[in-house]
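Q: Quick one: this structure, given as structure tokens, is what I'll be asking you about.
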């Protein structure tokens, strides 16, 4: 059975050792091949230092926004880091992850207790790792994060408009409450042209979602075992 664990890692030489008192780095998520970090400092000079260290450690670093004590940045994590190690053991990080007081704190979803044990043994090599909490997780509790901005960003304006209008009008309801002929009229397009926009939008969204599911090892494992059907959440 999958398990969820809270793990504290002492990563020697890592940026987390720069954090203390009121300074923190929060890894909000990891869309694609980069991550988003929220960085806080007790003084502007301290924040400057944290950002310089972050820039030196991340690939493709960019500063998204900045105030005197808080900043948001994007960049790729090193391939030899804790995140890559966790993924290599078939486990997933449930973001956000917190870097604070010279430690890194992760919520990890592991396929089994044995796999989690193997991961913890491997994480010792980074400088030390402690298991702080452990709970069994049923299939009905599994969740994945979908970056809606990234999905929507793949669509053209016409494709996004066609898809959102079709959803709102009940085209995907069962039974359907409208047809592509009616929707095409509202766009002043032929049925075939409207359907082309809709099919392209559906293809892009479905490919994005299936890529996310396929990259989530535990979710994929449960899907294969259950034929793609998940138990309903308890009411």
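Numbering (the numbering used here), first residue to last: 956 to 1190.
The beta-carbon is built from N, C-alpha and C at its ideal position, and this holds for glycine as well.
1) Are the CB atoms of residue 981 and residue 1051 nearer to each other than 8 angstroms?
2) Rounded to whole angstroms, what's the CA-CA distance from residue 1185 to residue 957? Just pull it up for me.
3) Measuring CB to CB, does residue 1006 end up less than 8 angstroms from residue 1028?
4) Could you give the uninterrupted runs of the beta strand (DSSP E) lying entirely in the segment 998-1062, keeping only those of 3 residues or more?
5) Counting beta carbon pairs with one atom in the segment 1069-1084 and one in the segment 1037-1045, are three or more of them shorter than 8 angstroms?
6) From residue 1121 to residue 1151, what does the alpha carbon distance come to, in whole angstroms?
7) Mind checking who residue 994 pairs with in its DSSP beta bridge?
8) What residue from 1003, 1002, 1013 has the CA that sits closest to residue 990's CA?
9) Can you tell me whether residue 966 is buried or exposed? The criterion is at least 16 other CB atoms within 10 Å of its CB, across all chains shown.
10) Looking at residue 996: is its Cβ nearer than 8 angstroms to the Cβ of residue 1024?
11) Excluding five sequence neighbours on each side, which residues of the same chain lie with their C-beta closer than 8 angstroms to the C-beta of residue 1258?
12) Quick one: which unbroken alpha helix (DSSP H) runs of 4-plus residues sit fully inside the segment 1088-1168? Chain order, please.
13) Considering Cα atoms alone, identify which of 1002, 1092, 1054, 1011 is closest to residue 972.
14) Does residue 963 come out as helix, strand or coil in the three-state DSSP assignment?
15) Cα separation between residue 925 and residue 1030?
16) Measuring alpha carbon to alpha carbon, tell me which residue in 1068, 1047, 1020, 1130 is nearest residue 1062.
17) Going by the beta-carbon positions, is the gap between residue 975 and residue 1056 smaller than 8 angstroms?
18) Run through the DSSP bridge pairs and tell me what residue 1086 is partnered with.
19) Exposed or buried, which one is residue 1088 when buried takes at least 16 other CB atoms within 10 Å?
20) Return the bridge partner residues of residue 1064 from the DSSP annotation.
A: Taking the geometry as given:
1) Translated into the one-based positions of the chain shown, residue 981 becomes position 26. Translated into the one-based positions of the chain shown, residue 1051 becomes position 96. Yes, the Cβ-Cβ distance between residue 981 and residue 1051 is below 8 angstroms.
2) Here residue 1185 is taken as the residue at index 230 of the chain shown, counted from 1. Here residue 957 is taken as the residue at index 2 of the chain shown, counted from 1. Confidence is the limiting factor: at residue 1185 the pLDDT is only 42, short of 50, which leaves the residue's position unreliable and the question unanswerable from this model.
3) In the chain shown, the residue the question calls residue 1006 occupies position 51. In the chain shown, the residue the question calls residue 1028 occupies position 73. Yes, Cβ-Cβ distance for residue 1006 and residue 1028 is below 8 angstroms.
4) Those beta strand (DSSP E) runs which fall completely within the segment 998-1062 and span 3+ residues are 1014-1021, 1025-1031, 1052-1055.
5) Contact between the segment 1037-1045 and the segment 1069-1084 is present, because at least three Cβ pairs lie under 8 angstroms.
6) Position 166 of the chain shown, counting from 1, holds the residue named residue 1121. Position 196 of the chain shown, counting from 1, holds the residue named residue 1151. Straight through space, the alpha carbons of residue 1151 and residue 1121 are spaced by roughly 13 angstroms.
7) Within the chain shown, the letter at position 39 stands for residue 994. Residue 994 is bridged to 980, 1026.
8) Counted from its first residue, the chain shown places residue 990 at position 35. The shortest Cα separation from residue 990 among 1003, 1002, 1013 belongs to 1013.
9) The count along the chain shown starts at 1 and reaches residue 966 at position 11. By the neighbour-count rule (16 or more Cβ atoms within 10 Å), residue 966 is buried.
10) To locate residue 996, count along the chain shown from 1; it is residue 41. To locate residue 1024, count along the chain shown from 1; it is residue 69. Yes, the Cβ-Cβ distance between residue 996 and residue 1024 is below 8 angstroms.
11) Outside the shown range of the chain, which is 956 to 1190, sits residue 1258, and nothing can be said about it.
12) Those alpha helix (DSSP H) runs which fall completely within the segment 1088-1168 and span 4+ residues are 1103-1107, 1112-1123, 1135-1142.
13) Here the question's residue 972 lines up with position 17 in the chain shown. Comparing Cα positions, the closest option is 1054.
14) As a working mapping, residue 963 is identified with position 8 in the chain shown. The DSSP-derived three-state label of residue 963 is strand.
15) Limits of the chain in this structure are 956 at one end and 1190 at the other, which puts residue 925 out of reach.
16) Locating residue 1062 in the chain shown gives position 107, where the first residue counts as 1. The residue with the shortest Cα to Cα distance from residue 1062 is 1047.
17) The sequence position of residue 975 within the chain shown is 20, counting from 1. The sequence position of residue 1056 within the chain shown is 101, counting from 1. Yes, the Cβ-Cβ distance between residue 975 and residue 1056 is below 8 angstroms.
18) Within the chain shown, the letter at position 131 stands for residue 1086. Note: residue 1086 sits in a beta bridge opposite 962.
19) What you label residue 1088 is simply residue 133 of the chain shown in a count that begins at 1. Looking at its Cβ environment, which holds fewer than 16 other Cβ atoms inside 10 Å, residue 1088 is exposed.
20) Here residue 1064 is taken as the residue at index 109 of the chain shown, counted from 1. Paired residue(s): 959, 1047.
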